[in-house]
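Student: Mind having a look at this structure? Questions to follow.
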Amino acid sequence: MQKLDSIVPFPSVLIGKGYWGSILTRYIQENPNFHLLKTFGSEFKIQLLPKDCKCAFVATPLDSHFELCKELLSKGIYVFVEKPTCRSLAELEYLYLLSTQNNTICYTDYPYTLSPSIQHIQALLLKHSHLLQAPLQFKAKITQYGKFYKNEGALEVLGVHWLSVFALFFKEIVPFKVTTQTTSPYPLSVCIKARAKFLDSQFKDKDFPINLELACSLECEEKARMLEISAPNFSIYFDMLNSPKITFKIDSKKTQYFDFDETNTLAFCMQDFACAIKDKEYATKILSVHRRVIKFLESCVEALKSPLALESATQISNKGTL
């Protein structure tokens with residue numbers, strides 16, 4: 006994340022008075038780069054936007070994101086929108102085109118991309134890239150009970166967190182097996198297996214397929230946020246909710262443990278948004294990651310529509326087992 010020189014606070018509005026809106030309120034008020042003018046609920050219309058407004062924080066249901074962002078960007082407003090940005094890559098590209106035409110940005114908060122633990126894992130992989138050999142596997146798990154939203158399932162509510170992490174490492178993921186309990190397009194529990202390929206810019210000589218597994222559930226009493234990366238000669242285990250956060254093991258060497266504070270990622274997102282507003286080159290860099298998130302989400306959602314998704318997923322609905 007870039008450093009930001011002191012600037013005059015941007016007059017801002019918050020759209021959304023629900024669970025996430027109430028959380029965002031405090032972070033907006035605590036960040037010196039933004040001045041909260043007004044909070045809107047379902048009554049919001051673009052005509053109600055204060056004349057001096059420069060930024061809008063969108064904390065509304067996913068179905069409303071595209072139209073809201075489109076209206077705001079057309080007015081030249083800097084937009085911070087709750088994850089995921091929208092439902093499809095086509096919608097995202099349209100929003101990015103609008104932002105370019107109106108000299109603004111459409112930023113989405115993907116807090117895991119700013120997690121100090123995830124960034125350290127990325128650094129470990131780059132430092133020890135010689136250990137990245139096939140078969141290489143990434144297994145991610147994210148479970149809890151609720152929150153439940155209309156037309157949003159485990160992928161949109163929870164899975165997108167890990168998809169944002171995958172967007173830091175991979176240029177593509179191709180799902181080949183989907184396990185779910187229901188034919189609903191928004192299952193509350195789902196496990197996806199995929200093949201992935203590393204980004205050329207980071208791992209130039211590692212052009213082999215990586216086994217990827219993502220399990221997410223909104224029906225599980227156990228709250229979990231875990232990632233395991235394993236190859237024949239090393240492993241990295243990450244548990245966001247417990248200490249130590251990271252366990253790093255290279256065969257025949259002493260196991261290393263690392264701990265980081267994971268309580269400030271949303272504050273980091275606020276600061277990241279301010280940096281992106283000021284530095285368009287930096288904005289382009291982070292928005293390329295956000296583009297891959299939606300690309301990956303769309304490919305997973307498409308996989309849910311295939312016959313692969315009709316298999317039973319009782320093993321992840323109750324215990325969240327990978």
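Counting in this note's numbering, the sequence shown runs from 6 upward without gaps.
C-beta: ideal position from N, C-alpha, C; glycine also.
Bear in mind the structure is a predicted one, so any value in this text is a computation, not a measurement.
(1) Can you tell me where the alpha helix (DSSP H) holding residue 138 begins and where it ends?
(2) May I have the straight-line CA-CA distance separating residue 231 from residue 197, to the nearest angstrom?
(3) Alpha carbon to alpha carbon, how far is residue 319 from residue 34?
(4) May I have the straight-line CA-CA distance separating residue 211 from residue 56, to the nearest angstrom?
(5) For residue 325, count neighbouring Cβ atoms within 10 angstroms of its own Cβ and tell me buried if that reaches 16, exposed if not.
(6) State the DSSP-derived secondary structure class of residue 235, mapped to helix, strand or coil.
(7) Below 8 angstroms on the Cβ atoms is my contact criterion, and I expect residue 282 with residue 110 to pass it. Report the Cβ-Cβ distance as a whole number of Å.
(8) From the DSSP output, read off the bridge partner residues of residue 297.
(9) Go through its chain and collect everything with a Cβ distance to residue 167's Cβ below 8 angstroms, but skip five positions before and after it.
(10) Please report how far the alpha carbon of residue 4 lies from the alpha carbon of residue 136, in whole angstroms.
(11) Let me know the secondary structure DSSP gives residue 267 once reduced to three states.
(12) Taking all protein chains shown into account, do 16 or more other C-beta atoms lie within 10 angstroms of the C-beta of residue 82, making it buried, or fewer, making it exposed?
(13) What's the gap between the Cα of residue 43 and the Cα of residue 175?
(14) Roughly how many angstroms separate the alpha carbons of residue 152 and residue 105, rounded to a whole number?
(15) Does the stretch 180-200 come close enough to the stretch 126-136 to have 3 or more Cβ pairs within less than 8 angstroms?
(16) What separation, rounded to the nearest whole angstrom, lies between the Cα atoms of residue 188 and residue 49?
(17) Is it right to say residue 242 is buried, meaning 16 or more other beta carbons lie within 10 angstroms of its own, or is it exposed?
(18) Alpha carbon to alpha carbon, how far is residue 322 from residue 59?
(19) On the DSSP letters alone, give me the boundaries of the alpha helix (DSSP H) that residue 93 sits inside.
(20) Going straight from the alpha carbon of residue 317 to that of residue 163, what length do you get?
(21) In this structure, what does DSSP give as the bridge partners for residue 180?
(22) Give the secondary structure of residue 7 by DSSP, where H, G and I count as helix, E and B as strand, and everything else as coil.
(23) Quick one: what's residue 31 bridged to in DSSP?
(24) Does residue 48 come out as helix, strand or coil in the three-state DSSP assignment?
(25) Does DSSP put residue 60 in a helix, a strand or coil?
(26) Within its chain, find whatever has a CB closer than 8 angstroms to the CB of residue 51; leave out the 5 residues flanking it on each side and keep chain order.
Tutor: Result, derived from the coordinates:
(1) Walking along the sequence shown from the start, residue 138 turns up at place 133. Counting along the chain, residue 138 falls outside any alpha helix (DSSP H), and DSSP gives it neither H nor E.
(2) Stepping through the sequence shown from its first residue, residue 231 is reached at position 226. Stepping through the sequence shown from its first residue, residue 197 is reached at position 192. The straight-line gap from Cα to Cα measures roughly 15 angstroms.
(3) Looking up residue 319 in the sequence shown gives position 314. Looking up residue 34 in the sequence shown gives position 29. Model confidence at residue 319 stands at a pLDDT of 43, short of 50, so the residue's coordinates are unreliable; what they give is reported in the following sentence. Cα to Cα, residue 319 sits roughly 43 angstroms from residue 34.
(4) Counting from one through the sequence shown, the residue named residue 211 turns up at place 206. Counting from one through the sequence shown, the residue named residue 56 turns up at place 51. Looking at the two C-alpha atoms, the distance is approximately 51 angstroms.
(5) As a first step, residue 325 is located in the sequence shown; it is residue number 320 there, counting from the start. Confidence is the limiting factor: at residue 325 the pLDDT is only 47, short of 50, which leaves the residue's position unreliable, though a coordinate-based value still follows. Answer is buried; the Cβ neighbour count reaches 16.
(6) On the sequence shown, residue 235 is found 230 positions in, with the first residue counted as 1. Looking at residue 235 - three-state DSSP - the assignment turns out to be strand.
(7) Position 277 of the sequence shown, counted from the first residue, corresponds to residue 282. Position 105 of the sequence shown, counted from the first residue, corresponds to residue 110. Going by Cβ atoms, the distance from residue 282 to residue 110 rounds to 6 angstroms, so yes, they are a contact pair.
(8) Within the sequence shown, the letter at position 292 stands for residue 297. DSSP lists no partner for residue 297.
(9) Locating residue 167 in the sequence shown gives position 162, counting from the first residue. Same-chain partners within the cutoff: 117, 145, 147, 219, 221, 232.
(10) Residue 4 is absent from the model: the chain starts at 6 and stops at 327.
(11) For the purposes of this step, residue 267 is taken as residue 262 along the sequence shown, with counting starting at 1. Note: residue 267 maps to coil in three-state DSSP.
(12) Your numbering for residue 82 matches position 77 in the sequence shown. Classification for residue 82: buried.
(13) Taking the sequence shown and counting its residues from 1, the one referred to as residue 43 is at position 38. Taking the sequence shown and counting its residues from 1, the one referred to as residue 175 is at position 170. Spanning the two alpha carbons is a distance of roughly 39 angstroms.
(14) Working through the sequence shown from its first residue, we reach residue 152 at position 147. Working through the sequence shown from its first residue, we reach residue 105 at position 100. Those two C-alpha atoms are separated by around 34 angstroms.
(15) no
(16) By one-based count along the sequence shown, residue 188 stands at place 183. By one-based count along the sequence shown, residue 49 stands at place 44. Near 34 angstroms, if we compare the C-alpha coordinates of residue 49 and residue 188.
(17) As a working mapping, residue 242 is identified with position 237 in the sequence shown. Buried.
(18) Numbered from its first residue, the sequence shown carries residue 322 at position 317. Numbered from its first residue, the sequence shown carries residue 59 at position 54. Any reading at residue 322 needs caution, since the residue's pLDDT is 43, under 50, leaving its predicted position unreliable; the model's value is listed next. Approximately 43 angstroms between the Cα atoms of the pair.
(19) By 1-based counting over the sequence shown, the position of residue 93 is 88. Neither: residue 93 is in no alpha helix (DSSP H) and is coded neither H nor E.
(20) Position 312 of the sequence shown, counted from the start, is the residue given in the question as residue 317. Position 158 of the sequence shown, counted from the start, is the residue given in the question as residue 163. At residue 317, the pLDDT of 44 sits below 50, so the modelled position is not reliable; the number obtained from the coordinates is stated separately. Taking the straight line from one Cα to the other gives about 20 angstroms.
(21) Counting from 1 along the sequence shown, the entry for residue 180 is found at position 175. Answer is 199, bridged to residue 180.
(22) Taking the first residue of the sequence shown as 1, we reach residue 7 at position 2. Because the pLDDT at residue 7 is just 49, under 50, the model does not fix this residue reliably, and the point stays unresolved.
(23) Counting from 1 along the sequence shown, the entry for residue 31 is found at position 26. In the DSSP output, where bridge partners are listed per residue, residue 31 has none listed.
(24) Against the sequence shown, residue 48 aligns to sequence position 43. DSSP places residue 48 in coil when its eight states are reduced to three.
(25) Here residue 60 refers to the residue found at position 55 when the sequence shown is read from its first residue. Correct three-state label for residue 60: strand.
(26) For this step, residue 51 is matched to residue 46 along the sequence shown. Once the five neighbours on either side are set aside, the close Cβ partners of residue 51 are 76, 77, 80.
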